[in-house]
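Using the working numbering, read the sequence shown as starting at 1 and increasing by one per residue. From the three backbone atoms N, C-alpha and C, an ideal C-beta is built for every residue, glycine too.
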Amino acid sequence: MTDHFTRDRRPAGSAAATAIRPIDRRIAARSGAVVPSDPVTPDAQSAASPSTIRHPVRAYGAWIAVCLIWGTTYLGIRIALETIPPLTMAAIRWLIAGGILILALRLGGQSLPARREWPALTLLGALLLGLGNGAVVWAEQTVPSGLTAVLVAMSPFWMVGVDAFMPDGERLSIRRSVGLLVGFGGIVLLVWPELHVEGARGFLTGVVSTQIACAGWAAGSSYARWRGRGHAKHENVLATVALEMLFGGAVLLVGSLALHEPARLAFSPRSTAALVYLIVVGAIGGFSAYGYALKHLPVATVSLYAYMNPIIAVVLGTVILDEPLSPRIAVAGAIVLLGTALTRHADR
Numbered sequence: 001m002t003d004h005f006t007r008d009r010r011p012a013g014s015a016a017a018t019a020i021r022p023i024d025r026r027i028a029a030r031s032g033a034v035v036p037s038d039p040v041t042p043d044a045q046s047a048a049s050p051s052t053i054r055h056p057v058r059a060y061g062a063w064i065a066v067c068l069i070w071g072t073t074y075l076g077i078r079i080a081l082e083t084i085p086p087l088t089m090a091a092i093r094w095l096i097a098g099g100i101l102i103l104a105l106r107l108g109g110q111s112l113p114a115r116r117e118w119p120a121l122t123l124l125g126a127l128l129l130g131l132g133n134g135a136v137v138w139a140e141q142t143v144p145s146g147l148t149a150v151l152v153a154m155s156p157f158w159m160v161g162v163d164a165f166m167p168d169g170e171r172l173s174i175r176r177s178v179g180l181l182v183g184f185g186g187i188v189l190l191v192w193p194e195l196h197v198e199g200a201r202g203f204l205t206g207v208v209s210t211q212i213a214c215a216g217w218a219a220g221s222s223y224a225r226w227r228g229r230g231h232a233k234h235e236n237v238l239a240t241v242a243l244e245m246l247f248g249g250a251v252l253l254v255g256s257l258a259l260h261e262p263a264r265l266a267f268s269p270r271s272t273a274a275l276v277y278l279i280v281v282g283a284i285g286g287f288s289a290y291g292y293a294l295k296h297l298p299v300a301t302v303s304l305y306a307y308m309n310p311i312i313a314v315v316l317g318t319v320i321l322d323e324p325l326s327p328r329i330a331v332a333g334a335i336v337l338l339g340t341a342l343t344r345h346a347d348r
């Protein structure tokens, strides 16, 4: 959830309208994931239009990179989990990625958010990465990577629900209500038959974990949106994300130590390569490409990555890991994405 920016809902041309703020992942994140796994869920109109896009080749190239990168993080997580415990793996990923970004920013002369902002960024890191990504990683212990990506596509449903209870949130429209019902029907079709097979308890735990990830992502996104309407809209995006990675990784490390995971830590060439991929490509590369795409393309265009990620994850899981792909799973996944589309674009 996986991995988390949006634009302000203000008139095009204003300073606030062009300021990018960290929110949801989303993966994501992402994503892995971070999402955000690593999915991110932009939910506002962009000031950009096809006639005003600067560097269109690079902008669309960055968007394609986001689709591919965050679609592959689910596979990377699954492979890394072969020898590395879940929370430990996630903690290592975000601590190293955040540290590298901070070092690069400091060497480039960029400033970090003031220390008075660190408590807020710690909370965002805990929600977006600690819950949003950590729960996705936990889920992939018992749920196939492709199916995890489809379940994480439920993030917009949770965001709509959380937003409806916010003081300045949007009311639940008829179309969004229909989208919620359609998406829920897809989840039932995905999950119900699996509950009658051996190992159902572990599978159900994984499914619940994906929804905990979605809830954490939604709560973090709403808080980030509220925070971004104030002075935080002037923060350096990558600097803010870097600190969220660092603080989120610290939260995950505490959870890892509490569960005594380091005692089971082991590295194989395969899991190590997957972890390096998640750090360098999934986290640093994915966030950088996403930030560039969101800066130069309409949000409605960039947000289409959320529909591409599950497709890529399912295909990779089936081809590389021999994960099951039945007609029922394909139809149920399509229903979930349809419900997501109805929910996300209800008021556009």
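task = Would you please state the rounded distance, in angstroms, between the beta carbons of serine 303 and alanine 218? I believe it to be under 8 Å.
result = Separation of the CB atoms of serine 303 and alanine 218 is rounded to 15 Å, and the pair is thereby denied contact status at 8 Å.
ask   = For leucine 151, which of Glu261, Tyr74 and Ser271 has the nearest alpha-carbon?
value = Ranking the options by Cα distance to leucine 151, first place goes to Tyr74.
task = Please name the residue in Tyr292, Val315 and Val336 whose C-alpha comes closest to that of alanine 59.
result = Of all alpha-carbon atoms in Tyr292, Val315 and Val336, the one lying nearest the alpha-carbon of alanine 59 is that of Tyr292.
ask   = Between which two residues does the alpha helix (DSSP H) harbouring methionine 154 extend?
value = For methionine 154, no alpha helix (DSSP H) encloses it, and the DSSP letter there is neither H nor E.
query = Between which two residues does the alpha helix (DSSP H) harbouring isoleucine 96 extend?
reply = Counting along the chain, the alpha helix (DSSP H) containing isoleucine 96 begins and ends at 86-107.
query = Can the beta-carbon of threonine 240 be found less than 8 Å from the beta-carbon of leucine 121?
reply = Remark: C-beta atoms of threonine 240 and leucine 121 approach each other more closely than 8 Å.
query = Does DSSP put arginine 176 in a helix, in a strand, or in coil?
reply = Looking at arginine 176 - three-state DSSP - the assignment turns out to be helix.
query = So is serine 46 buried or exposed if we call it buried at 16+ other beta carbons inside 10 Å?
reply = With a pLDDT of only 38 at serine 46, under the threshold of 50, the placement of this residue in the model should not be trusted; the figure read from the coordinates follows. Counting Cβ neighbours within 10 Å, serine 46 comes out buried, since at least 16 surround it.
Rounded C-alpha distance that separates glycine 228 from serine 326 = Spanning the two alpha carbons is a distance of roughly 43 Å.
task = Under 8 Å by Cβ, that's how I've got glycine 255 and glycine 134 pegged, so tell me the actual separation to the nearest angstrom.
result = Contact flag correct, Cβ pair sits at about 7 Å.
query = Just to confirm, are leucine 129 and phenylalanine 157 a CB contact at a threshold of 8 Å?
reply = No.
task = Go through its chain and collect everything with a Cβ distance to glutamine 211's Cβ below 7 Å, but skip five positions before and after it.
result = Excluding its 5 nearest sequence neighbours in each direction, glutamine 211 has C-beta neighbours in its own chain below 7 Å: Met154, listed in chain order.
task = Provide the residue span of the alpha helix (DSSP H) that contains phenylalanine 247, from first to last.
result = Residues 237-258.
ask   = Going by other Cβ atoms of all chains shown within 10 Å of its Cβ, with 16 needed for buried, is isoleucine 174 buried or exposed?
value = Isoleucine 174 should be labelled exposed.
query = When the Cα of proline 310 is compared with those of Thr142, Gln110, Leu147 and Leu259, which residue comes out closest?
reply = Nearest C-alpha to proline 310: Leu147.
inquiry  = If I follow the unbroken alpha helix (DSSP H) through proline 310, where does it start and stop?
reply    = Run containing proline 310: 305-321, per the alpha helix (DSSP H) assignment.
key: glycine 285 - DSSP class collapsed to helix/strand/coil   = Under the three-state reduction of DSSP output, glycine 285 falls in the helix class.
message = Quick check on alanine 266: does DSSP put it in helix, strand or coil?
response = If DSSP states are grouped into helix, strand and coil, alanine 266 belongs with coil.
ask   = For glycine 286 versus valine 137, is the C-beta spacing smaller than 8 Å?
value = Cβ distance not < 8 Å, so glycine 286 and valine 137 don't count as in contact.
query = First and last residue of the alpha helix (DSSP H) that includes isoleucine 79?
reply = Unbroken alpha helix (DSSP H) run through isoleucine 79: 56-80.
task = Name the residue from Gly76, Tyr290, Pro56 and Gly61 whose alpha carbon lies nearest to the alpha carbon of alanine 273.
result = Out of Gly76, Tyr290, Pro56 and Gly61, the CA that lies nearest to the CA of alanine 273 is found in Gly76.
query = Buried or exposed: where does serine 145 fall if 16 or more other Cβ atoms within 10 Å of its Cβ makes it buried?
reply = That one is buried.
inquiry  = Can you confirm whether the stretch 274-285 touches the stretch 105-113 when touching is taken to mean that 3 or more C-beta pairs between the two stretches lie within less than 8 Å?
reply    = Too few Cβ pairs lie closer than 8 Å, so no.
ask   = Going by other Cβ atoms of all chains shown within 10 Å of its Cβ, with 16 needed for buried, is glutamate 140 buried or exposed?
value = Per the 10 Å Cβ criterion, buried.
ask   = Between the Cα of alanine 250 and the Cα atoms of Arg93, Ile64 and Ser177, which residue gives the shortest distance?
value = It is Arg93 whose Cα lies nearest to the Cα of alanine 250.
task = Taking the CB atoms as reference points, tell me whether glutamate 82 and arginine 264 lie closer together than 8 Å.
result = No; because the gap between Cβ atoms is not below 8 Å, this pair is not in contact.
inquiry  = Rounding to the nearest angstrom, what Cα-Cα distance links leucine 246 and isoleucine 96 in this structure?
reply    = A direct Cα-to-Cα measurement between leucine 246 and isoleucine 96 gives close to 8 Å.
query = Who are the near neighbours of leucine 259 in its chain, counting only those whose CB is closer than 8 Å to its CB and skipping five residues on each side?
reply = Non-local beta-carbon contacts of leucine 259 in its own chain, meaning distances under 8 Å to residues more than five positions away in sequence, involve Pro85 and Leu87 in chain order.
ask   = Where does serine 111 fall in DSSP's three states?
value = Annotated three-state conformation of serine 111 is coil, per DSSP.
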